[in-house]
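Chemist:
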Amino acid sequence: MTTREIMYREAIRDAQREEMLRDPTVFLIGEDLRDPWGGTYKATQNLSTEFGNERVLNTPICEETIIGASLGAALTGLRPVAELMYFDFVMRSMDAVVNQVAKVRYMSGGQVKVPLVIRTQGGGGRSSAAQHGNSLEAWICHVPGLFVAMPSTPYDAKGLLKTAIRMDDPVFFIEHKLLYMTKGPVPDEEYTIPFGVADVKRKGDDVTIVATSRMVLFALEAAAELEKEGISAEVIDPRTLVPLDEATILESVHKTNRLVVVNEGVERCGWAAEVAALVQKKGFGDLDAPIERVCTRNVPLPFQPDLENYVLPSVADIVRAAKYTLGKVE
Amino acid sequence: MTTREIMYREAIRDAQREEMLRDPTVFLIGEDLRDPWGGTYKATQNLSTEFGNERVLNTPICEETIIGASLGAALTGLRPVAELMYFDFVMRSMDAVVNQVAKVRYMSGGQVKVPLVIRTQGGGGRSSAAQHGNSLEAWICHVPGLFVAMPSTPYDAKGLLKTAIRMDDPVFFIEHKLLYMTKGPVPDEEYTIPFGVADVKRKGDDVTIVATSRMVLFALEAAAELEKEGISAEVIDPRTLVPLDEATILESVHKTNRLVVVNEGVERCGWAAEVAALVQKKGFGDLDAPIERVCTRNVPLPFQPDLENYVLPSVADIVRAAKYTLGKVE
Amino acid sequence: MTPETILDAETKTLWLDMFRKLVRIRHFERSAFELYTAGKLPGFMHISIGQEATAVGACSALRPDDYMTSTHRGHGDTIAKGVSVEGAMAELFGRVTGVCRAKGGSMHIADFSQNVLGANGIVAAGAPIAVGAGLSAKKRGTDQVVLCFFGDGALASGPIHESMNCAALWKLPVIFLRQNNQYAESTPRTDYQGIPDVVEWAKGYGISAVRVDGNDVLAVYRAVKEAAARARRGEGPSFIESETYRWYGHNIGDPGTWRPKEEIQAWKAKDPIPRFRKVILENGAATDADLDAIEAEEEARLQAAIEAAEAAPKPKPGTALEDVYVDPDLGAQAIQGVRP
Amino acid sequence: MTPETILDAETKTLWLDMFRKLVRIRHFERSAFELYTAGKLPGFMHISIGQEATAVGACSALRPDDYMTSTHRGHGDTIAKGVSVEGAMAELFGRVTGVCRAKGGSMHIADFSQNVLGANGIVAAGAPIAVGAGLSAKKRGTDQVVLCFFGDGALASGPIHESMNCAALWKLPVIFLRQNNQYAESTPRTDYQGIPDVVEWAKGYGISAVRVDGNDVLAVYRAVKEAAARARRGEGPSFIESETYRWYGHNIGDPGTWRPKEEIQAWKAKDPIPRFRKVILENGAATDADLDAIEAEEEARLQAAIEAAEAAPKPKPGTALEDVYVDPDLGAQAIQGVRP
Ligand SMILES: Cc1ncc(C[n+]2csc(CCOP(=O)(O)OP(=O)(O)O)c2C)c(N)n1
Ligand SMILES: Cc1ncc(C[n+]2csc(CCOP(=O)(O)OP(=O)(O)O)c2C)c(N)n1
Ligand SMILES: [Mg+2]
Ligand SMILES: [Mg+2]
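Residue numbers (our numbering), protein chains in the order written: chain P, 674 to 1003; chain H, 674 to 1003; chain G, 30 to 369; chain L, 30 to 369.
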């Protein structure tokens, strides 16, 4: 299998392109997708040039209607891929996402399928302050009726997005603004990645670190540091949060007896709480120490970089948490 | 102290009335508050008659603007109490609640206070289907900058709402549609209840049950059933979810070594996960069994009553979970 | 109402069909009200009696393959567009034979076989969906149109504006039909509307906008027919303000008696059904006996539907976990919880 | 622009003050751009050069106790309403001396001492807040007005409609001022607006609506002055469409060169500052030397502000946990987490 090094945003773009070529019912809809702009994070670059402005539909600023209209299209024979420019803006479309997209199949007694992907990007680290850096995956995972993907590498991003576009259920697909420029190998050949299958990004024996999105990169850095201190950390990227590959996590905890969950969402009622609650239940006997959570602190994101770094999870925080589970921090 | 038996909705009404009498800057704003309608769940009945239509402002159907306007009023010298008719409709005002109300103090570096109460009611059990029975407290607790109250009795409802209206921080105040008609004793004298202080609704030794809102009533019923089987359950109502009285919960678990968390929100990434994650961390050594969660199943709320009951937590579910922690269920 | 003097066979058929649907909805709503009041139907219920001419006039102007979105007060709209009284009644009863398998109930009646994209519990939520269906029709190159019903109160909410702007911008085949029944729950226009004249306001979107007597089934029919024809010609969306009245309260439980008695009486005097009956008779489209027969047929059908619904099995509780996802394995994985 | 021939002292003072503010903002924005480009300022930044006349004309027509809400592109608006360049510049640098203590940054400049209720990172989010401030002024019986700035792109979003409807309904003292700089990020009007004429559309709300040359500071001033006077008389809200242009890209990072060169050039030729300078000179309100002195003063003040900001301390990381809640104990309880 030949591979190329491409950027995460190219992986996202390529996935959309390939699926648009494959299926004429696929179209893109969102704010500022059109060339030469090509999306605020350039994840749709060149697509309007290649496919035309009809298949890459630039919308007014009206998120509720973007998502509601995507649903209307999905219910009537098309496969929209909608972009919410920032995860934060989902708040302007929450009713459409939750009360309409996620529930229409159920409320109609299973009459319809909803082949709809909502792409967005979240995360801090760019000093974008309280309204442009949120990680709201916990909200979305709390909504029955959606599948949720959150890839950390170009390979995963492309393979999962292609799968998502082919699925007949609505998928909420979460990218990260600071991953778009990261690079990684992607096969030249067509491939897809199934939902519900975690990827063990690094094998280890002493402590399990479950991390999502950009936090996977942090966890890998932390694992490298821990290695220097003789601690072998296993890093698991669930890749899809709904459904969640519990088995892979539980097996790992069975081996390591320790778990750190790293997620960029705010700690209280965040996604890491769900994983901790699950694992203490299903892996109770395996745990030698409390499960640690490394999340964003319970405050809004501040603007100033030092403040922001203090609030977001850091590599050092992950290292400390891992050592904590091993009793190596007082 | 003389008391009267009043309904939960009267407690809510009386709290608003007393605070309006006490402070001329307090006003009510929301849909259909005006007499003779007096609020869809009658929680503002007679208030527009007593205080006039200016202080009980009937709005058009525009939740984002109701909350945003309440914020504008709170920032300029008034103390609004806004009603969202159904918790579900918060989805139409999510940006105002989260990006504006909860964050403006922080984003401005502490320049302002936001004396604003957002009242709403959630919960299922009335066959109101997928869009009118949600319990979304997990979303709200995930938002830094808000305090969150969720009373289960008329006494708590009145005392907490009076406190909320006097606070200088925004409070999200969650009532329950099936509690409005429940009765309980309330003192004739003025009183308030502090935030962050749980109430032990029933003492017990064998298992701790933490429950919220209507689930407190279920938990008390479950405790009565458990008692018949010789199991002594302690029932804790945190009353405010933010801040959370962790100490009371941890002390109880220290005694019982077992915990069941009951919450009407959907299980995945719900509020019960936060409590489980917290307690496994801070009370790790106290736990003799995994913490059990009893929540709404991971599906939208169905219309038909048998289906809805199957999906919502039941008294039997709580009993079973409690026995499970005691190894009394296979 | 301009009396039509020479009626062709097609018109006669259309009129009798419209009369039948008016009666069908009226009977359905009366029975739903009674059954609910007798404690036989669960949930929330919003009755549209008085507004039937708007539902029937509008939907009769559509083709079967046209789409429709409705509201929480959707019994009449959805039946007018083709939902069967059997399926709808069984749904209200919460039976497995319900059109939504008892998952939706009164506020969520949807029937994709009839291109009824759904009633909706959330005010104005149908409008963006209608925009999407219109976009889809345009993209797929069909000449289907989309009828978007919403209430007078709904107009104040953001999605209506967003949707009208998008539909106008993209020249979509969407008909925004405001069912102005004079109240939003308890709230009259003076409390929810700054806009002096919604028709003038709607013209601000650069689209055709008219006001019709919503109790005149033919007037509504004509307005929607014209709007649909424009939409099919690619001339974009329209706005129709249909003035009508709900006789009953906002929902069952609200007697609605807080409204002025005279107002209710005045509107009852404009009952769309006897009014249309008169037009039919005056124009010789049918005899009194013909119309009585239609009424009797509809009543019989409804009673049979009620009996069938009542006799149908309730769903098994565990079926609550079905119909969330299409994908069976991933769905099962997503739904499983930890409740012991 | 009607040349004013006989200028009273008050007008002269006003004009010179407006000139000073135009220059202040231009200098501030130029420096912000340069400092950002040099890597000295973090975050996202949206420059308003070209639009200064709208900000200054509008805010100069207000009283200090009037309120204002702005947008992500809020440097000019907030400075025009009274935020100091010292506080704003230190905020952009992320220093403790920043007007928002480095918590807000470019998109969130707020100064409640100046009744600047905030710039806002969320499009159209200021409109409901403005409605609330107007409601509050009315309830408190003051004659304060509220100026609500928003962008051309923002008009498509729901809250604008909701807010205009509420303000019209409640006759609130709110001025909705659309800063039409011709683009929403990369998107031109043809892609975001179905409405043919926003002034006509706004009239649909039953409110006064006008279009002004947004590069003519006096025209903007007059329109807002009139709107404010109406508002203070209890005659309710107004809508103003102010046509202008942003010379730079949407944000720093976007060169904005995807727009037609001729278009950019044509708008640069309408630069509001030399244009107003000419008016001042022609009317004998000041001499070239006076104006040069103002420019020099402003430049000196700005440079001092930049130096002070750069020299000011960065906040201690732990202060990130301050300013969330007013209540210290409950706040601490709410913020504490479990991160080891
Ligand atoms: C977003 C939202 N807000 C509020 C409600 C509660 N509610 C249900 S119906 C209704 C009134 C709707 O009035 P109108 O649009 O005139 O429709 P009608 O009931 O008169 O048919 C309200 C406020 C809701 N369902 N959704
Ligand atoms: C609700 C929301 N949607 C999208 C955005 C992203 N965004 C920021 S500015 C902008 C364009 C705004 O255009 P306009 O209102 O014309 O203001 P301008 O930038 O031209 O000043 C967009 C889409 C946002 N901040 N908020
Ligand atoms: Mg109505
Ligand atoms: Mg613009």
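We put the beta carbon where it would ideally sit given N, CA and C, even for glycine.
As the structure is a prediction and not an experimental result, all values here were calculated from the model.
Does the beta-carbon of I734 of chain P, which I'm using as the reference point, lie nearer than 7 angstroms to any heavy atom of ligand 2?
Modeler: As a working mapping, residue 734 of chain P is identified with position 61 in the first sequence. For ligand 2, at least one heavy atom lies less than 7 angstroms from the Cβ of I734 of chain P.
Chemist: Where in the stretch 951-975 of chain H do unbroken runs of the alpha helix (DSSP H), each at least 4 residues long, occur, reported from the N-terminal end onward?
Modeler: none
Chemist: My output table needs one value for Q143 of chain G: the three-state DSSP class, helix, strand or coil.
Modeler: Mapped onto the third sequence, residue 143 of chain G falls at position 114. Helix at Q143 of chain G.
Chemist: List the whole-angstrom C-beta distance separating I991 of chain H from A920 of chain H, where the pair is believed to meet the contact cut-off of C-beta under 8 angstroms.
Modeler: The residue you call residue 991 of chain H lines up with position 318 of the second sequence. The residue you call residue 920 of chain H lines up with position 247 of the second sequence. In fact, because the Cβ distance is near 23 angstroms, the residues do not count as touching under 8 angstroms.
Chemist: Quick one: grab the DSSP three-state call for N194 of chain G.
Modeler: Walking along the third sequence from the start, residue 194 of chain G turns up at place 165. Helix at N194 of chain G.
Chemist: Which runs of the beta strand (DSSP E) spanning at least 3 residues fall entirely within the stretch 730-794 of chain H, listed in chain order?
Modeler: 752-757
Chemist: Figure out for me which residue from H:A755, H:M674, H:G795 has the closest Cα to the Cα of L852 of chain H.
Modeler: Indexing the second sequence from 1 puts residue 852 of chain H at position 179. Comparing Cα positions, the closest option is H:G795.
Chemist: In the DSSP assignment, what residue or residues form a beta bridge with E848 of chain P?
Modeler: Along the first sequence, read from residue 1 onward, the residue named residue 848 of chain P stands at position 175. Answer is P:Q794, bridged to E848 of chain P.
Chemist: Take K786 of chain P and list the residues in its own chain whose beta-carbon comes closer than 6 angstroms to its own, dropping the five residues that flank it on each side.
Modeler: Start at 1 with the first residue of the first sequence, and residue 786 of chain P comes out as number 113. Once the five neighbours on either side are set aside, the close Cβ partners of K786 of chain P are D841.
Chemist: Which of the three DSSP states is assigned to K856 of chain P in this structure?
Modeler: If you number the first sequence from 1, residue 856 of chain P lands on position 183. K856 of chain P: strand per DSSP, three-state reduction.
Chemist: Are the CB atoms of G797 of chain H and E940 of chain H nearer to each other than 8 angstroms?
Modeler: Numbered from 1 along the second sequence, position 124 holds the residue referred to as residue 797 of chain H. Numbered from 1 along the second sequence, position 267 holds the residue referred to as residue 940 of chain H. Contact: no.
Chemist: Can you tell me the Cα-Cα spacing of Q208 of chain L and E810 of chain P, whole angstroms?
Modeler: Position 179 of the fourth sequence, counted from the start, is the residue given in the question as residue 208 of chain L. Position 137 of the first sequence, counted from the start, is the residue given in the question as residue 810 of chain P. Between Q208 of chain L and E810 of chain P, the C-alpha separation is close to 34 angstroms.
Chemist: Give every residue of the same chain whose Cβ lies closer than 7 angstroms to the Cβ of P973 of chain H, excluding the five residues on either side of it in the sequence, and list them in chain order.
Modeler: Locating residue 973 of chain H in the second sequence gives position 300, counting from the first residue. Here the set comprises A803.
Chemist: What does Q222 of chain L touch in chain P if you count any residue whose Cβ is under 9 angstroms from its own?
Modeler: The residue given as residue 222 of chain L occupies position 193 in the fourth sequence. Under a criterion of Cβ atoms nearer than 9 angstroms, the residues of chain P adjacent to Q222 of chain L are, in order, P733.
Chemist: Output, in chain order, the set of chain L residues within a Cβ distance shorter than 8 angstroms of K786 of chain H.
Modeler: Indexing the second sequence from 1 puts residue 786 of chain H at position 113. Neighbours of K786 of chain H on chain L, chain order: V355.
Chemist: Assuming Q773 of chain H contacts I158 of chain L under a Cβ cut-off of 8 angstroms, what Cβ separation, rounded to an integer in Å, is found between them?
Modeler: Taking the first residue of the second sequence as 1, we reach residue 773 of chain H at position 100. Taking the first residue of the fourth sequence as 1, we reach residue 158 of chain L at position 129. At roughly 7 angstroms, the Cβ-Cβ gap stays under 8 angstroms, so Q773 of chain H and I158 of chain L are in contact.
Chemist: Please confirm whether A995 of chain P has its beta-carbon closer than 8 angstroms to some beta-carbon of chain H.
Modeler: Residue 995 of chain P sits at position 322 when you count from the first residue of the first sequence. For A995 of chain P, the answer is no, since every Cβ of chain H falls outside 8 angstroms of its Cβ.
Chemist: Under 6 angstroms Cβ to Cβ from D918 of chain H, same chain only, skipping five residues before and after it: list those, please.
Modeler: Start at 1 with the first residue of the second sequence, and residue 918 of chain H comes out as number 245. Cβ neighbours of D918 of chain H beyond the five flanking positions: G869, V870, A871, P911.
Chemist: Using a Cβ-Cβ distance cut-off of 8 angstroms, determine whether V699 of chain H contacts chain G.
Modeler: Translated into the one-based positions of the second sequence, residue 699 of chain H becomes position 26. No, its Cβ sits nowhere closer than 8 angstroms to a Cβ of chain G.
Chemist: Closer than 7 angstroms to a non-hydrogen atom of ligand 2 - does that hold for the CB of T675 of chain H?
Modeler: Counted from its first residue, the second sequence places residue 675 of chain H at position 2. No, ligand 2 has no heavy atom inside 7 angstroms of this Cβ.
Chemist: Going by Cα to Cα distance, which pick from P:R966, P:E704, P:M823 is closest to I685 of chain P?
Modeler: Here residue 685 of chain P corresponds to residue number 12 of the first sequence, with the count starting at 1. The shortest C-alpha separation from I685 of chain P is found at P:M823.
Chemist: Is V160 of chain G close to chain P, meaning its C-beta is less than 8 angstroms from at least one C-beta of that chain?
Modeler: Translated into the one-based positions of the third sequence, residue 160 of chain G becomes position 131. Chain P contact via Cβ: present.
Chemist: Can you give me the start and stop residues for the alpha helix (DSSP H) that D979 of chain P sits inside?
Modeler: In the first sequence, the residue the question calls residue 979 of chain P occupies position 306. That run of the alpha helix (DSSP H) goes 978-984.
Chemist: Taking 7 angstroms as the cut-off, does the CB of D283 of chain L come closer than this to any heavy atom belonging to ligand 4?
Modeler: Taking the fourth sequence and counting its residues from 1, one reaches residue 283 of chain L at position 254. No, since every heavy atom of ligand 4 falls outside the 7 angstroms radius drawn around the Cβ of D283 of chain L.
Chemist: Hey, V249 of chain G and S271 of chain G are a contact pair by Cβ (cut 8 angstroms); roughly how many whole angstroms apart?
Modeler: The residue you call residue 249 of chain G lines up with position 220 of the third sequence. The residue you call residue 271 of chain G lines up with position 242 of the third sequence. Going by Cβ atoms, the distance from V249 of chain G to S271 of chain G rounds to 6 angstroms, so yes, they are a contact pair.
Chemist: State the Cα-Cα distance for the pair D878 of chain P and A962 of chain P, rounded to the nearest angstrom.
Modeler: By one-based count along the first sequence, residue 878 of chain P stands at place 205. By one-based count along the first sequence, residue 962 of chain P stands at place 289. So the alpha carbons of these two residues sit roughly 15 angstroms apart.
Chemist: Please state whether DSSP places L255 of chain L in a helix, a strand or coil.
Modeler: The residue labelled residue 255 of chain L in the question sits at position 226 within the fourth sequence. A small fix is needed here, since residue 255 of chain L is Glu in this sequence, not Leu. Looking at E255 of chain L - three-state DSSP - the assignment turns out to be helix.
Chemist: Please tell me whether D687 of chain P has its Cβ less than 8 angstroms away from any Cβ of chain H.
Modeler: Numbered from 1 along the first sequence, position 14 holds the residue referred to as residue 687 of chain P. Not an interface residue.
Chemist: From the DSSP output, in three-state form, read off K307 of chain G for me.
Modeler: As a first step, residue 307 of chain G must be located in the third sequence, where it is residue number 278. If DSSP states are grouped into helix, strand and coil, K307 of chain G belongs with the helices.
Chemist: Assign P344 of chain G to one of two classes, buried (16 or more other C-beta atoms within 10 Å of its C-beta) or exposed (fewer than that).
Modeler: Working through the third sequence from its first residue, we reach residue 344 of chain G at position 315. Result: buried.
Chemist: Over what stretch of residues does the beta strand (DSSP E) that includes K874 of chain H continue unbroken?
Modeler: If you number the second sequence from 1, residue 874 of chain H lands on position 201. Unbroken beta strand (DSSP E) run through K874 of chain H: 872-875.
Chemist: Just the residues with CB closer than 6 angstroms to a heavy atom of ligand 3, in chain order, which are they?
Modeler: G:G180, G:D181, G:G182, G:N210, G:Y212, G:A213
Chemist: Within 10 angstroms of its Cβ, does Y212 of chain G collect 16 or more other Cβ (buried), or is it exposed?
Modeler: Numbered from 1 along the third sequence, position 183 holds the residue referred to as residue 212 of chain G. By the 10 Å Cβ count, Y212 of chain G comes out buried.
Chemist: If I'm right that L247 of chain G touches G86 of chain G with Cβ under 8 angstroms, what's the distance once you round it to whole angstroms?
Modeler: Start at 1 with the first residue of the third sequence, and residue 247 of chain G comes out as number 218. Start at 1 with the first residue of the third sequence, and residue 86 of chain G comes out as number 57. With 8 angstroms as the limit, L247 of chain G and G86 of chain G qualify as a contact, their Cβ atoms being about 7 angstroms apart.
Chemist: Find the nearest neighbour of I138 of chain G within the set G:V160, G:K297, G:A38, G:S113, judged by alpha-carbon distance.
Modeler: Along the third sequence, one-based indexing puts residue 138 of chain G at 109. Ranking the options by Cα distance to I138 of chain G, first place goes to G:S113.
Chemist: Can we count F762 of chain H as close to ligand 1, meaning its CB is less than 7 angstroms from some heavy atom?
Modeler: If you number the second sequence from 1, residue 762 of chain H lands on position 89. True, at least one ligand heavy atom lies under 7 angstroms from that Cβ.
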